[in-house]
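The structure under discussion appears below in the form of structure tokens.
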Amino acid sequence: MEQKSIRRLDELFAAEPDRLSKLSFEAAGIYFDWSKTHLDQELIGDFLGRAEAAGFARARESLFSGAIVNASEGRPATHVAERGSGSPEDVDLASARRLRMRALVDAIEGGAFGDVTGILHIGIGGSVLGPALLVDALGRRSPQFNVRFLSNIDGAAFDDAVRPLDPQSTIVVVASKTFTTLETLTNFEAARTWLSAAGVGDPDGRVVAVTANPEAAVAQGIDETRVLQFGEGVGGRYSLWSSVGVTAALALGWNEFEALLEGAAEMDRHFRFAETSANVPLLAAFADRLYAEQFGCQTRGQFAYDERLRLLPFYLQQLEMESNGKSVTNAGKPVANPTAPVTWGGTGTDAQHAVFQLLHQGTVLVPVEFVAVREGDDAQDPEHHRLLLLNAFAQGAALMQGRESDDPQRSYCGNRPSATVLLDRLDARSLGALIAFYEHRTFANAVLLGINPFDQFGVELGKQIARQIAEGSDEESLDPSTRALIERAGV
Ligand code: F6P
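If you read the sequence shown in our numbering, its first letter stands for residue 1302, the second for the next number, and so on.
In structure tokens form, the structure reads like this:
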């Protein structure tokens, strides 16, 4: 797209009296303010032309109709069907699998596993980040179960996870799409040993497996009645809507899980049917492209101004970086434009006192995103929440306005962009809609770039070399530095 000279944010506001109304939107009950970005109507027009040229409408329909959108793996991406938004066949299949999941949740709640006080959820990447986000965000007031998440292969992580759990009354949920992931299988084995060592009679009887590869789970000794299958078309980082969400369904209750899916489906309807010129995930992707391509920004900062959403930045890191951290197009050609920025972030206001110095005065331009919730947690002092919110808004204003001073050390150049996402309240429905917004924005970026957001071959090489080292095979093919490290550490 042709590079244009872009006006300062304050000039844009001065030139467009209705800028706020043109660049703030409501979708699925969430307010999105993109007015403090450098998008203007001319740029949006250009991006709309680019979206059309990239076949955006067709690509979006392919996603929702269950066509092959993950060409390198020859698969559709059926996560939208998990919340009722896909093709009728995919939706029926997902519903049937959800019924099995519900039956298991009911059975556990009905005492089929005896008195359950704790859940140890084992998984990594997409098999843990989503469930952990849901439980941390929504499960703070319902300590029906003590839920612990275990992902890292580090034994210290295992000890931390199981310490507060009673092995006699804990169920183990092992979530792995492939059921071949080293970390998950190693932790699963350790969990079995932990249960046996505590004298639990039938350790495998306390395990629920969640996977797209049920044969592998059964081969690991898990009875098929406790294996919840999900579809190959559901990518790991898009899987919290499927039976990967079973831990969240148990911890939060089935109705909450359904509400999560309904919220996501509402955002699906917006993304699928709203005019492109008022389509929030697409417009957000336009801003992403603008900063990556025309401002040369290689990073984006996402800050949750709500403790309940403290895990959101980690979830978004995988969603955006694993999906769009690519260098070749769908056709295998080098990409013409920079792809995903490095996505990082934290929690406000903590981050203000640690990293915001650079955001205000550093030499790196970082587009910033604030995610905030109008209503605080019921049990919280409302004054805390008021202060939290006004800090988020003050940061956005300060980044944009800047302030000149005779003293260069005390000068702020301003004109630094931010976007704000404001939820009315944090509940299962709004969180579902929020996560679906991010999924669709990631997809929209991929369409504009002509890349496949649904594969992740970039993670494979490191895994293969780890296996090679573990097996002690072909060590001579490794470089001297790596060989010396292996020898020094004795691994
Ligand atoms: O290594 C990356 C990855 O494949 C992610 O895409 C995935 O979410 C994670 O590992 C876990 O994989 P699995 O669910 O198959 O154990």
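Backbone N, C-alpha and C define an ideal beta-carbon position, used for all residues, glycine too.
Proximity of residue i and residue j at Cβ, strictly below 9 Å
| i | j | result |
| --- | --- | --- |
| D1319 | L1723 | no |
| T1640 | T1600 | no |
| R1403 | A1632 | no |
| D1607 | V1674 | yes |
| A1382 | S1388 | yes |
| A1438 | F1450 | no |
| L1620 | L1732 | no |
| V1475 | T1487 | no |
| N1447 | T1481 | no |
| F1596 | L1666 | yes |
| R1361 | V1748 | yes |
| L1591 | L1405 | no |
| N1716 | Q1653 | no |
Residue i beta carbon near the ligand F6P (any heavy atom closer than 8 Å)
| i | result |
| --- | --- |
| S1477 | yes |
| G1427 | yes |
| G1546 | no |
| L1490 | Note that residue 1490 is Glu in the sequence shown, not Leu. No, since every heavy atom of the ligand F6P falls outside the 8 Å radius drawn around the Cβ of E1490. |
| V1760 | yes |
| F1459 | no |
| T1600 | no |
| R1376 | no |
| T1471 | no |
| Q1769 | no |
| Q1521 | no |
| F1480 | yes |
| G1536 | yes |
| Q1765 | no |
| T1379 | no |
| T1485 | yes |
| G1424 | yes |
| Q1619 | yes |
| E1623 | yes |
Residue i Cβ short of 8 Å to the ligand COA heavy atom set
| i | result |
| --- | --- |
| T1644 | With respect to the ligand COA, the structure shown offers nothing to examine, as its ligands consist of the ligand F6P. |
When the options are compared against residue i, the one with the closest alpha-carbon
| i | options | result |
| --- | --- | --- |
| S1712 | T1721, Q1702, G1346 and N1371 | Q1702 |
| L1583 | L1439, H1422, F1738 and R1442 | F1738 |
| T1548 | R1361, E1317 and D1407 | D1407 |
| R1264 | L1435, H1654, D1460 and F1587 | Nothing about residue 1264 can be read from this structure; the chain reaches only from 1302 to 1792. |
| S1306 | L1344, S1336, T1526 and A1368 | L1344 |
| T1479 | F1357, V1535 and D1524 | V1535 |
| L1324 | I1331, L1735 and Q1342 | Q1342 |
| A1498 | F1604, D1467 and L1349 | D1467 |
| D1416 | A1747, T1471 and V1463 | T1471 |
| A1462 | L1541, F1489 and Q1696 | F1489 |
| A1328 | F1694, R1570 and F1365 | R1570 |
| S1336 | A1316, V1792 and A1354 | A1316 |
| V1672 | T1650, A1354, G1715 and V1473 | T1650 |
| L1690 | T1721, E1705 and Q1765 | T1721 |
| G1350 | A1520, F1587 and R1308 | F1587 |
| D1524 | T1512, A1637, D1505 and H1661 | D1505 |
| E1563 | R1308, G1330 and L1313 | G1330 |
| I1423 | R1493, G1385, T1664 and S1782 | R1493 |
| L1541 | R1789, A1368 and E1740 | E1740 |
Where the beta strand (DSSP E) through residue i begins and ends
| i | result |
| --- | --- |
| E1317 | That residue, E1317, is in no beta strand (DSSP E); it is neither H nor E in DSSP. |
| G1646 | V1643 to T1648 |
| V1511 | V1508 to T1512 |
| E1670 | V1669 to V1674 |
| H1686 | First-last for H1686: P1683 to Q1702, but that is the alpha helix (DSSP H), not the beta strand (DSSP E). |
| T1600 | T1600 to Y1606 |
| G1426 | Premise fails: G1426 is in no beta strand (DSSP E) and is neither H nor E. |
| L1405 | Per DSSP, L1405 belongs to no beta strand (DSSP E); it is in the alpha helix (DSSP H), P1389 to E1410. |
| F1459 | No beta strand (DSSP E) holds F1459; the alpha helix (DSSP H) holding it covers G1456 to V1463. |
| D1334 | I1331 to D1334 |
| F1450 | N1447 to L1451 |
| T1721 | S1719 to L1724 |
| V1519 | First-last for V1519: P1515 to A1520, but that is the alpha helix (DSSP H), not the beta strand (DSSP E). |
| S1325 | S1325 to A1328 |
| T1471 | T1471 to A1476 |
Run of the alpha helix (DSSP H) containing residue i, from where it starts to where it stops
| i | result |
| --- | --- |
| D1589 | V1581 to R1590 |
| S1497 | L1483 to A1498 |
| R1746 | Here the sequence assigns Asn to residue 1746, which means Arg is not the residue at that position. That run of the alpha helix (DSSP H) goes A1729 to L1750. |
| N1556 | W1555 to F1574 |
| F1365 | F1357 to S1366 |
| L1617 | L1613 to Q1618 |
| L1529 | Run containing L1529: none in the alpha helix (DSSP H); it sits in the beta strand (DSSP E), V1528 to Q1530. |
| R1661 | One detail in the question is off: residue 1661 reads as His in this sequence, not Arg. That run of the alpha helix (DSSP H) goes F1657 to Q1662. |
| D1347 | Q1342 to A1354 |
Nearest-angstrom Cβ-Cβ length linking residue i and residue j, presumed shorter than 8 Å
| i | j | result |
| --- | --- | --- |
| E1559 | R1376 | That pair is no contact at about 26 Å. |
| L1496 | V1509 | Wrong, their Cβ atoms sit about 13 Å apart, outside the cutoff. |
| E1594 | R1538 | Their Cβ separation, rounded to whole angstroms, is 24 Å, which puts E1594 and R1538 out of contact at 8 Å. |
Any C-beta of chain D under 9 Å from that of residue i
| i | result |
| --- | --- |
| P1468 | Annotation note: the requested chain D is absent from the structure, which comprises a single protein chain. |
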